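Residue numbers (this note's numbering): 228 to 621. Notes for the one structure printed next.
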Amino acid sequence: MSFVDDTEHPPDWLRQVRDRVVTWATTVMSTDHAGLFRMCADAHVPWDLQSSAKGLHILQRHDALDVVPNGTDRAETIRFIQALQDEETGFFRDPLFEEHFACKDDPDELLKLRRNNAKWASIALRAFDAEPLWPFFRTGTSGGPDPEAVLAMIRNGDWTQPWGIGSHASQGVRELFFLACEGRDDLVPYVGRGLTMILARQNPYTGMIGDSSLPLFQQISGALKVIGNFQFSLGLKVPYLRQLADACVTHHADGSFYAQSNSHSIPRNVAEIAWVCLIHSDYRRDELRSTLADIARHYHEIFGKPDGGYSPTPEGTQPYGWNGTILSEPSPTPRSSISGTNGSGCLGMICAALGWDVGFPSMHDGWQDRVARLRYQIELSSGGTARLVPREGV
């Protein structure tokens with residue numbers, strides 16, 4: 228990777244990204260349901276919930292939701308998505324995807340898929356200023372969350388794979404935290420315990436999540452799922468930020484973050500963590516800014532495709548899918564996907580971190596205001612114990 232001397236001025240190509248991405252997104256939008264999306268141009272199914280949530284997120288992030296037809300078409304799509312929800316569990320069916328789902332004959336795996344789809348359906352509905360008809364929770368059912376299950380997940384999860392368990396654990400605790408802020412004071416002790424247990428997985432030598440023997444892409448991605456989540460959702464400043472800055476600068480510069488995975492998610496994850504470091508300190512400021520500028524170049528050059536979007540791997544020719552389920556065949560020519568193009572949101576984050584105004588927002592815009600409205604804030608003791616305290620003036 229290369230050092231970027233000028234981090235004050237955005238490269239010219241960044242100014243073209245918004246229009247190219249928005250144009251590409253319209254090519255994978257369903258013609259039958261306004262605002263639903265398929266994975267890629269050659270996908271087997273015309274839409275699925277995860278692709279739809281991310282497609283709408285792409286448009287929303289680029290201030291381009293107006294390309295989705297409004298009025299009766301949009302209202303019909305809202306009703307269509309809401310009708311996929313199960314009243315008893317709060318989870319969502321994804322009927323066309325489930326026809327191809329690799330584990331469709333396993334009731335437990337199917338239920339897990341529908342639980343996960345509740346998140347995607349909710350994101351899609353919120354893009355239209357709508358909500359699911361019934362509540363859902365990452366643990367438990369529509370009757371309420373299961374805080375003991377959240378703690379058990381953290382305790383028993385596979386922390387040799389911090390990218391996966393870090394995501395599930397941090398999102399489970401975040402859900403309990405938001406419910407506590409809405410008045411569920413009985414959940415406050417669980418949030419403190421969950422935060423403490425998760426942060427105990429932070430490596431004091433690297434600032435990342437997981438043992439130093441793990442692949443670096445796992446460590447930085449675990450950091451993204453935990454530290455990025457806690458920073459921009461909960462306003463929590465984690466320890467070991469100097470070590471984290473050292474890791475971002477060193478392992479991006481020598482390419483070791485990317486040595487064992489060619490996924491587009493890795494540079495995106497490095498970018499968010501580098502931004503977290505810049506928020507709190509000027510330590511290695513110039514090098515972190517250079518890292519961010521170089522990630523923008525790297526992402527665009529490696530994952531950008533001629534059709535205007537981005538692919539999840541450099542080649543862009545492999546089968547694409549979700550949850551181990553293939554939704555498209557190999558392609559003789561490179562093409563973009565919803566997954567890869569959604570990952571280009573790192574460009575907006577980088578612009579925000581570096582103060583570049585190129586005409587599209589960051590996914591974390593307004594995070595300080597959102598955090599300031601939360602009823603509780605988090606305090607960490609010198610020993611790493613987390614506790615919730617009421618926020619003054621809220």
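Think of the CB as a built atom: it goes at the ideal place given N, C-alpha and C, for glycine as much as any other residue. Since we're looking at a predicted model, the values are computed, not measured.
{"Query": "For R511, which residues of its own chain have a beta-carbon under 6 angstroms away from its beta-carbon, when the five flanking residues on both sides are left out?", "Result": "A472 and V476"}
{"Query": "Could you check the C-alpha separation between W611 and Q604 for me, to the nearest Å?", "Result": "In the sequence as displayed, the identity of residue 611 is Gly instead of Trp. So the alpha carbons of these two residues sit roughly 15 angstroms apart."}
{"Query": "Does the region 264 to 282 come within contact of the region 232 to 245, defined as at least 3 CB pairs closer than 8 angstroms?", "Result": "no"}
{"Query": "Buried or exposed: which applies to A329, given that a residue is buried once 16 or more other Cβ atoms fall within 10 Å of its Cβ?", "Result": "exposed"}
{"Query": "Taking the DSSP output, what are the residues bridged to E606?", "Result": "R614"}
{"Query": "Which value, in whole angstroms, describes the spacing of the CA atoms of R353 and R301?", "Result": "12 angstroms"}
{"Query": "The ligand ATP and L311: does any heavy atom of the ligand fall closer than 7 angstroms to the residue's C-beta?", "Result": "By its list of ligands, the structure shown contains no ligand whatsoever, and the ligand ATP lies outside what it can speak to."}
{"Query": "Taking the straight line between their C-alpha atoms, what separation do you get for Y417 and G570?", "Result": "32 angstroms"}
{"Query": "State yes or no: is the C-beta of N199 within less than 8 angstroms of the C-beta of F307?", "Result": "Only positions 228 to 621 of the chain appear in this structure, which leaves residue 199 out of reach."}
{"Query": "Please report the Cβ distance between L615 and A407, rounded to the nearest whole angstrom; I am assuming they are in contact, meaning their Cβ atoms lie under 8 angstroms.", "Result": "7 angstroms"}
{"Query": "Which two residues bound the contiguous alpha helix (DSSP H) that contains D521?", "Result": "R512 to F530"}
{"Query": "If I'm right that Q470 touches Y526 with Cβ under 8 angstroms, what's the distance once you round it to whole angstroms?", "Result": "25 angstroms between Cβ atoms; not a contact."}
{"Query": "Cα-Cα, which of V400, W502 and L311 is closest to R365?", "Result": "V400"}
{"Query": "When DSSP builds the beta bridges, which residues end up paired with W549?", "Result": "T552"}
{"Query": "If we ignore side chains and look at the alpha-carbon of each, how far apart do G551 and K339 end up?", "Result": "13 angstroms"}
{"Query": "Can you list the alpha helix (DSSP H) stretches of 4 or more residues lying completely in the region 343 to 398, in chain order?", "Result": "374 to 383"}
{"Query": "At 4 residues or longer, what runs of the alpha helix (DSSP H) sit wholly inside the region 401 to 477?", "Result": "415 to 426 and 443 to 450"}
{"Query": "Per DSSP, what kind of secondary structure is M590 in: helix, strand or coil?", "Result": "coil"}
{"Query": "Going by beta-carbon coordinates alone, are S555 and G536 separated by less than 8 angstroms?", "Result": "no"}
{"Query": "Using the Cβ count rule (16 or more neighbours within 10 Å means buried), how would you classify E314?", "Result": "exposed"}
{"Query": "Taking the alpha-carbon positions, what's the V294 to P362 distance?", "Result": "29 angstroms"}
{"Query": "My guess is that T568 and V248 are in contact by the Cβ rule of under 8 angstroms, so how many angstroms apart are they, rounded?", "Result": "6 angstroms"}
{"Query": "Could you round the C-beta distance between V497 and F484 to whole angstroms and report it? I think they count as a contact, below 8 angstroms.", "Result": "6 angstroms"}
{"Query": "Reducing DSSP to helix, strand and coil, say where M256 ends up.", "Result": "strand"}
{"Query": "How would you label T304, buried or exposed, when you count the other beta carbons within 10 angstroms and need 16 or more for buried?", "Result": "buried"}
{"Query": "Using only alpha-carbon positions, find the residue among F324, T299 and D290 that is nearest to Y547.", "Result": "F324"}
{"Query": "Buried or exposed for H479, please, with buried defined as at least 16 other CB atoms from any protein chain shown within 10 angstroms of its CB.", "Result": "buried"}
{"Query": "Measuring alpha carbon to alpha carbon, tell me which of T423, P389, E514 and S488 ends up nearest L451.", "Result": "P389"}
{"Query": "Can you tell me whether DSSP reads Q312 as helix, strand or coil?", "Result": "strand"}
{"Query": "Tell me, please, which residues DSSP counts as bridged to Y537.", "Result": "G531"}
{"Query": "Report all residues from its chain with a CB closer than 7 angstroms to the CB of L581; omit the five preceding and five following residues, and keep chain order.", "Result": "T234, R516, L519 and A520"}
{"Query": "According to DSSP, which residues form a beta bridge with F264?", "Result": "M256"}
{"Query": "Within a Cβ cutoff of 6 angstroms, which residues of the same chain sit near L263, ignoring the five residues on either side of it in sequence?", "Result": "S257, W274 and S279"}
{"Query": "CA-CA distance, A427 and D232?", "Result": "37 angstroms"}
{"Query": "Report all residues from its chain with a CB closer than 8 angstroms to the CB of S490; omit the five preceding and five following residues, and keep chain order.", "Result": "F444, P539 and T540"}
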